[in-house]
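Here is the structure we will look at, set down as structure tokens.
Protein chains: 2
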Amino acid sequence: MTTATLVLDPLDRRLLQAVQRQADLSHAALAEAVGTSPASCWRRLKALEDAGVLGPAVRLLDPAALGLALDAVCQVRMKAHDAQARGSFEQFVMDRDEVLECLSMSGEWDYQLRIVVRDMAQYEHFLMHALLRHPAVATSASHFALKRIKATTQLPV
Amino acid sequence: MTTATLVLDPLDRRLLQAVQRQADLSHAALAEAVGTSPASCWRRLKALEDAGVLGPAVRLLDPAALGLALDAVCQVRMKAHDAQARGSFEQFVMDRDEVLECLSMSGEWDYQLRIVVRDMAQYEHFLMHALLRHPAVATSASHFALKRIKATTQLPV
DNA sequence: GGAATATTGAAACACGTCTATCAACCTGAG
DNA sequence: CTCAGGTTGATAGACGTGTTTCAATATTCC
Numbered sequence: 008m009t010t011a012t013l014v015l016d017p018l019d020r021r022l023l024q025a026v027q028r029q030a031d032l033s034h035a036a037l038a039e040a041v042g043t044s045p046a047s048c049w050r051r052l053k054a055l056e057d058a059g060v061l062g063p064a065v066r067l068l069d070p071a072a073l074g075l076a077l078d079a080v081c082q083v084r085m086k087a088h089d090a091q092a093r094g095s096f097e098q099f100v101m102d103r104d105e106v107l108e109c110l111s112m113s114g115e116w117d118y119q120l121r122i123v124v125r126d127m128a129q130y131e132h133f134l135m136h137a138l139l140r141h142p143a144v145a146t147s148a149s150h151f152a153l154k155r156i157k158a159t160t161q162l163p164v
Numbered sequence: 008m009t010t011a012t013l014v015l016d017p018l019d020r021r022l023l024q025a026v027q028r029q030a031d032l033s034h035a036a037l038a039e040a041v042g043t044s045p046a047s048c049w050r051r052l053k054a055l056e057d058a059g060v061l062g063p064a065v066r067l068l069d070p071a072a073l074g075l076a077l078d079a080v081c082q083v084r085m086k087a088h089d090a091q092a093r094g095s096f097e098q099f100v101m102d103r104d105e106v107l108e109c110l111s112m113s114g115e116w117d118y119q120l121r122i123v124v125r126d127m128a129q130y131e132h133f134l135m136h137a138l139l140r141h142p143a144v145a146t147s148a149s150h151f152a153l154k155r156i157k158a159t160t161q162l163p164v
């Protein structure tokens, strides 16, 4: 698992920025946007794909338009930290669609989740009937977002 | 600002799930995936787009492949909470590419940021030379992700 | 400097795509 | 039942797309 440190042209960077912003451009449109020819553009994207830099193209949805109004951060402390408890909890997290992110954390909490649901009733249901019922979970603390200031998928490249 | 509660077919839901997973399918491929005709598929997507449900199609990158190894959560408390201080801080957050997410929070912290950088040196630089120098910021607390368990952009629809 | 290598832009083509139209069908209201 | 209103799948054609090949140019290394 050695990444040969992967050199990125300024042009590669512009390409990556462009596809991170808008993935449905044609090679011709991309080429014009970053200042090169469609052929070269295609070759570079293929190389980046082969290098494993490019992940899937996904369509983002507007949570507000779907009525998903509640954005919460939930910190979790585990009862035990053995491999089985962790594995079981992480599988739980993978299976629940309300959990968009889960980080295993340093510090006083074991995990930090970001959860998106319709309203507080749905959050309460998730918390009481799913999360806190998980056998590996000891306690949790919830914090609610008043406003989503920024939410981008664009990595700094 | 009334959303007419927007009814979603089971078929609409399958469509939304599909495009959230893979945005670069043709209408024909999508139609087959969700079990309908390309024409109907196109009409429904257009309707969803007009309803404002569909956001941009974006390409996800692999942070590890790019050497972006550090994922941090940073909580921020402000000196003041007037509109000008908040606006200035939120603009700062929008401008910094390392900050992928920023939520305005309830509770003891004013903001919670998720930050992605190359390494600890770069994080220290961001913290000391950017964030903590911002005139509206009083204090901050950083927590580091040991591991990214889950990170999806798929909303529960 | 000069040779070998890598990278570029332009052109070409086969293919699949988007979008519109149309008749058939289902669904409810009266 | 009957008749609109809305939704469906099939069809068709114009268009744009991805991908390859080729010569020319830039870059690297001795």
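Residue numbers (the numbering used here), protein chains in the order written: chain E, 8 to 164; chain Z, 8 to 164.
Built from N, CA and C at the ideal position, the CB exists for glycine as well.
Listed in chain order, the alpha helix (DSSP H) elements of length 4 or more contained wholly in the segment 40 to 114 of chain E are 45 to 57 and 90 to 102. Listed as beta-bridge partners of V124(Z) by DSSP are L77(Z). A residue is called buried once 16 or more other Cβ atoms fall within 10 Å of its Cβ, and P63(E), having fewer, is exposed. Taking each of R21(E), Q82(E) and A72(E) in turn and checking the Cα distance to L52(E), the smallest one comes out for R21(E). V106(E) and R66(Z) have their C-alpha atoms some 21 angstroms from each other. Contact note: S113(E) reaches chain Z through H150, F151 and L153, using a C-beta cutoff of 7 angstroms and chain order. Counting C-beta pairs with one atom in each stretch, the segment 114 to 131 of chain Z and the segment 34 to 47 of chain E have fewer than three that are closer than 8 angstroms, which means they do not touch. When DSSP states are grouped into helix, strand and coil, V14(Z) belongs to the coil group. Secondary-structure assignment with DSSP links Y118(Z) through a beta bridge to V83(Z) and S111(Z). With contact defined as three or more Cβ pairs closer than 8 angstroms, the segment 131 to 149 of chain Z and the segment 83 to 101 of chain Z are in contact. Around the Cβ of Q91(E), a 10 Å sphere holds fewer than 16 other Cβ atoms; the residue is exposed. Check the Cα spacing between F133(E) and each of S95(E), L77(E) and P163(E): the tightest is with L77(E).
Look at H34(Z) here: in three-state DSSP terms it is helix.
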